[in-house]
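Novice: Quick note on our numbering: the sequence shown kicks off at 60 and runs consecutively.
Here it is, the structure in full.
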Amino acid sequence: QSGNENLSLLLLLGHSLMLLCFFFLDKGLWLPSQTVARAMSSSGGATPPYTTLAISRPTESITHVELHRPEKRNAMNSAFWSEMVTCFNELSEDPECRAVVVSGAGKLFTAGIDLMDMMNNVLQPEGDDTARISWGLKKKIRKFQETFSVIEKCPKPVVVAIHGACVGAGVDMITACDIRLCTQDAWFQVKEVDIGLAADVGTLQRLPKVIGSQSLVNELALTARKMYADEAKSSGLVSRVFADKEAMMAGALEIAGEIAGRSPVAVQGTKINLIYARNHSVADGLDYIATWNMSMLQTEDLMKSAQAALEKKSPKTKTYSKL
């Protein structure tokens with residue numbers, strides 16, 4: 060009798076735990092990092108209408124943007140340059156999204172520009188004379204620049220996870236992201252001088268701000284030598300190095316989850332002011348944040364976060380309205 064009762068109790072408890080797990084999964088409140096990381100890095104293909112990107116939602120408030128041309132080493136073709144702009148403009152306006160993770164499908168992060176695909180765009184410009192050809196080329200370059208500037212303009216923090224090679228335009232892209240992670244086998248290369256041009260979509264402007272050593276930036280840009288993971292970490296290009304891609308994706312998701320669990324008013328305001336401060340004097344930055352917070356301090360998120368602190372709990376225990 061006692062044994063049957065114990066068995067019934069165990070079965071009941073097991074059933075209750077299963078229902079509890081399903082509830083949390085359905086609500087996006089509990090997702091084991093390693094399990095989600097495997098799902099994030101095993102998508103079946105690009106997500107329509109995109110042809111170069113796979114978009115997924117590993118949790119309710121985190122969006123995963125995966126470069127998805129693995130058969131072409133995630134080389135950036137004509138479609139990619141416009142699809143990234145569309146994608147990040149949509150994420151900027153999406154109240155469900157509070158953090159973004161960017162990664163690459165296949166054996167490496169990206170081989171940079173797809174030279175064969177882009178040759179007609181750059182090497183065969185249209186125009187009747189030098190002035191008109193030059194104006195047309197400038198318009199194209201500015202369009203390419205927007206592909207990565209849109210990441211920086213997106214108010215949602217962007218965590219980029221790099222494995223294997225990150226070459227040429229890949230460096231332009233990651234320097235526009237907010238947090239950079241990589242695997243132990245990752246390497247980085249400012250490749251443009253090797254193909255006869257100066258990098259023109261962000262590396263020469265953002266990399267000095269990221270690394271902080273003008274000498275090292277000059278060396279990388281002028282020699283096109285490879286920088287490996289340990290040097291990338293010691294120089295400040297990345298903040299963490301992981302043993303493999305699975306561990307890195309789990310780490311990226313964990314960081315994104317920490318960000319997404321905070322007040323979106325606080326998080327997005329912080330990103331916007333960090334970028335403003337980078338490009339302006341200290342005095343200008345202080346004036347800007349004073350003007351910013353004279354309205355943003357009136358949010359209910361401040362009281363909720365303060366209550367969590369007084370209760371010695373994480374802000375993630377509070378529910379913040381969408382933004």
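Note that the Cβ used here is the ideal one computed from N, Cα and C, for glycine as well.
The model shown is predicted, which means the values in this text are computed figures rather than measured ones.
#1: What's the call for E130, buried or exposed, on a 16-neighbour Cβ count within 10 Å?
#2: For the beta strand (DSSP E) containing P184, list its first residue and its last residue.
#3: Starting from the C-beta of V276, find all residues in its chain whose C-beta is less than 7 Å away, skip the five residues before and the five after it, and write them out in chain order.
#4: Between A220 and S137, what straight-line distance do the alpha-carbon atoms span, to the nearest angstrom?
#5: Please determine, among Y379, P216 and M355, the residue with the shortest C-alpha to C-alpha distance to L150.
#6: Among residues of its own chain, excluding the 5 on either side of C156, which ones have a beta-carbon nearer than 6 Å to its beta-carbon?
#7: Suppose the cutoff is 6 Å on Cβ atoms and the five residues either side in sequence are ignored; what does the same chain contact list for L76 look like?
#8: Roughly how many whole angstroms lie between the Cα atoms of A96 and A311?
#9: Would you kindly report the start and end of the unbroken alpha helix (DSSP H) that includes L275?
#10: Assuming V209 and I238 are in contact, meaning their beta carbons sit under 8 Å apart, how far apart are those beta carbons, in whole angstroms?
#11: If we count the other Cβ atoms within 10 Å of its Cβ and call it buried at 16 or more, is K304 buried or exposed?
#12: Within 10 angstroms of its Cβ, does S61 collect 16 or more other Cβ (buried), or is it exposed?
#13: Which one or two residues does DSSP pair with I121 in a beta bridge?
#14: Secondary structure at C146, three-state DSSP: helix, strand or coil?
#15: Beta strand (DSSP E) containing K131: first to last residue?
#16: Determine, using beta carbons only, whether S298 and K363 come nearer to each other than 9 Å.
#17: Can the beta-carbon of V300 be found less than 9 Å from the beta-carbon of T242?
#18: Helix, strand or coil for R337, going by three-state DSSP, please let me know.
#19: Measure the C-alpha to C-alpha separation of K372 and Q366 and round it to an integer number of angstroms.
#20: Determine whether the beta carbon atoms of V260 and T282 lie at a separation below 9 Å.
#21: Can you name the residues that DSSP bridges to T242?
#22: Would you mind listing the alpha helix (DSSP H) stretches within the stretch 186–231 that are 4+ residues and don't spill past its ends, in chain order?
#23: Within 10 angstroms of its Cβ, does T376 collect 16 or more other Cβ (buried), or is it exposed?
#24: When DSSP builds the beta bridges, which residues end up paired with L112?
#25: Report buried or exposed for M353, applying the criterion of at least 16 other Cβ atoms within 10 angstroms of its Cβ.
#26: Just to check my reading of the structure: N133 and G104 have Cβ atoms closer than 8 Å, yes? What is that Cβ distance to the nearest angstrom?
#27: Exposed or buried, which one is V316 when buried takes at least 16 other CB atoms within 10 Å?
#28: Taking Cβ to Cβ, would you say M135 is nearer than 9 Å to I172?
#29: Helix, strand or coil: which one does DSSP assign to Y347?
#30: G328 by DSSP, collapsed to three states: which one?
#31: Please go through the same chain and pick out, in chain order, the residues whose beta-carbon is closer than 6 Å to the beta-carbon of T94, but skip the five residues on each side of it.
Specialist: Taking the definition as stated:
#1: Locating residue 130 in the sequence shown gives position 71, counting from the first residue. Within 10 angstroms of the beta-carbon of E130 lie fewer than 16 other beta-carbons, which makes it exposed.
#2: Along the sequence shown, one-based indexing puts residue 184 at 125. Following the DSSP letters along the chain, one finds P184 in no beta strand (DSSP E), marked with neither H nor E.
#3: Within the sequence shown, residue 276 is the residue found at index 217, counting from 1. Exclusion of the five residues before and after V276 leaves L266, P267 and I270 as the residues of its chain whose Cβ lies within less than 7 Å of its Cβ.
#4: Indexing the sequence shown from 1 puts residue 220 at position 161. Indexing the sequence shown from 1 puts residue 137 at position 78. In this model, A220 and S137 are separated by some 23 Å (Cα to Cα).
#5: As a working mapping, residue 150 is identified with position 91 in the sequence shown. The candidate whose alpha carbon is nearest that of L150 is P216.
#6: Residue mapping note: residue 156 aligns to position 97 of the sequence shown, counting from 1. Taken in chain order, the residues that qualify are T122, L150 and K215.
#7: Indexing the sequence shown from 1 puts residue 76 at position 17. Residue confidence for L76 is low, a pLDDT of 40 falling below 50, so the modelled location carries little weight; the figure read from the coordinates is stated next. Counting only Cβ-Cβ distances below 6 Å, and skipping sequence neighbours, we find nothing.
#8: Counting from 1 along the sequence shown, the entry for residue 96 is found at position 37. Counting from 1 along the sequence shown, the entry for residue 311 is found at position 252. Caution is warranted here: a pLDDT of 49 is assigned to A96, below 50, making its placement in the model unreliable, and the coordinate value is therefore given only provisionally. Taking the straight line from one Cα to the other gives about 9 Å.
#9: For the purposes of this step, residue 275 is taken as the residue at position 216 of the sequence shown. Where L275 is concerned, the enclosing alpha helix (DSSP H) stretches over Q273 to T282.
#10: On the sequence shown, residue 209 is found 150 positions in, with the first residue counted as 1. On the sequence shown, residue 238 is found 179 positions in, with the first residue counted as 1. The Cβ separation is near 17 Å, so there is no contact.
#11: Translated into the one-based positions of the sequence shown, residue 304 becomes position 245. K304 should be labelled buried.
#12: As a working mapping, residue 61 is identified with position 2 in the sequence shown. Note that S61 has pLDDT 48, beneath the 50 cutoff, so the model's placement of it is unreliable and no number is given.
#13: For the purposes of this step, residue 121 is taken as the residue at position 62 of the sequence shown. Looking at the DSSP output, I121 shares a beta bridge with T118 and A158.
#14: One-based indexing of the sequence shown puts residue 146 at position 87. Three-state result, C146: helix.
#15: Here residue 131 is taken as the residue at index 72 of the sequence shown, counted from 1. Premise fails: K131 is in no beta strand (DSSP E) and is neither H nor E.
#16: Here the question's residue 298 lines up with position 239 in the sequence shown. Here the question's residue 363 lines up with position 304 in the sequence shown. Judged by their CB atoms, S298 and K363 are not nearer to each other than the 9 Å cut-off.
#17: Taking the sequence shown and counting its residues from 1, the one referred to as residue 300 is at position 241. Taking the sequence shown and counting its residues from 1, the one referred to as residue 242 is at position 183. A contact, by the Cβ cut-off of 9 Å.
#18: Position 278 of the sequence shown, counted from the start, is the residue given in the question as residue 337. R337 falls in the helix class under three-state DSSP.
#19: Within the sequence shown, numbered from 1, the residue matching residue 372 stands at position 313. Within the sequence shown, numbered from 1, the residue matching residue 366 stands at position 307. K372 and Q366: Cα-Cα distance of roughly 9 Å.
#20: Locating residue 260 in the sequence shown gives position 201, where the first residue counts as 1. Locating residue 282 in the sequence shown gives position 223, where the first residue counts as 1. No, these two residues do not count as a Cβ contact at 9 Å.
#21: Translated into positions along the sequence shown, residue 242 becomes position 183. T242 pairs with F301.
#22: Listed in chain order, the alpha helix (DSSP H) runs fully inside the stretch 186–231 are 189–212, counting runs of at least 4 residues.
#23: Mapped onto the sequence shown, residue 376 falls at position 317. T376 comes out exposed.
#24: Translated into positions along the sequence shown, residue 112 becomes position 53. Answer is L126, bridged to L112.
#25: Within the sequence shown, the letter at position 294 stands for residue 353. Exposed, because fewer than 16 other Cβ atoms sit within 10 Å of the Cβ of M353.
#26: Counting from one through the sequence shown, the residue named residue 133 turns up at place 74. Counting from one through the sequence shown, the residue named residue 104 turns up at place 45. Rounded, the Cβ-Cβ distance is 13 Å, inconsistent with contact.
#27: As a working mapping, residue 316 is identified with position 257 in the sequence shown. Per the sequence presented here, residue 316 reads as Gly, with Val not at that position. That one is buried.
#28: Along the sequence shown, one-based indexing puts residue 135 at 76. Along the sequence shown, one-based indexing puts residue 172 at 113. In this structure, I172 lies closer than 9 Å to M135 by Cβ.
#29: On the sequence shown, position 288 is the one that residue 347 refers to. Helix at Y347.
#30: Within the sequence shown, residue 328 is the residue found at index 269, counting from 1. Looking at G328 - three-state DSSP - the assignment turns out to be helix.
#31: The residue given as residue 94 occupies position 35 in the sequence shown. Low per-residue confidence applies at T94: pLDDT is 47, beneath 50, and the placement is therefore not dependable, though the value from the model is reported in the following sentence. Cβ neighbours of T94 beyond the five flanking positions: none.
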